[in-house]
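See below for the structure under consideration.
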Amino acid sequence: MSLNHGTFLHYATELGYIETKGNYHVGIRAPYIDANYDKQHDADFSKDPNIPTYISVDIDVLDPAYAPGTGTMEAGGFTTRELLSILDGLKNKVNVIGGDVVEVSPPYDTNSEITSLAATSVVDSLLKLMIV
239 MSLNHGTFLH YATELGYIET KGNYHVGIRA PYIDANYDKQ HDADFSKDPN IPTYISVDID
299 VLDPAYAPGT GTMEAGGFTT RELLSILDGL KNKVNVIGGD VVEVSPPYDT NSEITSLAAT
359 SVVDSLLKLM IV
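Numbered by my numbering, the letters in the sequence shown go through residues 239 to 370 in order.
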């Protein structure tokens with residue numbers, strides 16, 4: 239696997255540069271993870287809700303129909319409603335201390351600014367998670 243903008247976190251984690259607890263990234267391209275690894279990750283995620291957590295959301299996790307204004311579109315992504323539901327489901331389960339939304343590219347967006355609107359909704363959800 240080559241190093242690129244979608245694999246840097248995989249390599250940084252593998253090399254021990256990033257602590258995996260309290261560090262979650264949504265929508266970043268990564269090597270295929272099998273179901274057993276995914277289940278283990280979910281179990282680790284729910285073990286300690288007191289771990290300070292930073293959430294970074296890559297807007298291209300959304301299907302291009304919901305976020306055309308990004309540099310790396312990929313079909314089959316979440317709807318905006320699904321992503322917001324996932325984030326809202328973290329309330330009282332995760333100690334969110336910060337977050338960001340990346341890969342929003344207004345020049346590629348539609349005239350209705352659908353990607354920017356989706357990103358604003360994600361930021362709103364992240365802010366709500368930080369309010370105790």
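In this text, a Cβ means the ideal position worked out from N, Cα and C, and glycines have one as well.
Here the structure is a predicted model, which means the values were calculated and not measured.
| Asked | Found |
| --- | --- |
| Leaving out the 5 sequence neighbours to the left and right, which residues in its chain are closer than 6 angstroms to Val-360 when beta-carbon positions are compared? | Val-295 and Val-339 |
| Here's the rule I'm using: 16 or more other beta-carbon atoms within 10 Å means buried, otherwise exposed. How should Thr-348 be labelled? | exposed |
| Indicate whether the contact test is met: 3 or more Cβ pairs, each with one atom in the stretch 303-314 and one in the stretch 323-332, closer than 8 angstroms. | no |
| Taking the straight line between their C-alpha atoms, what separation do you get for Gly-254 and Pro-287? | 22 angstroms |
| Between Ile-335, Glu-312, Pro-345 and Thr-318, which lies nearest to Ile-293 when the distance is taken from Cα to Cα? | Ile-335 |
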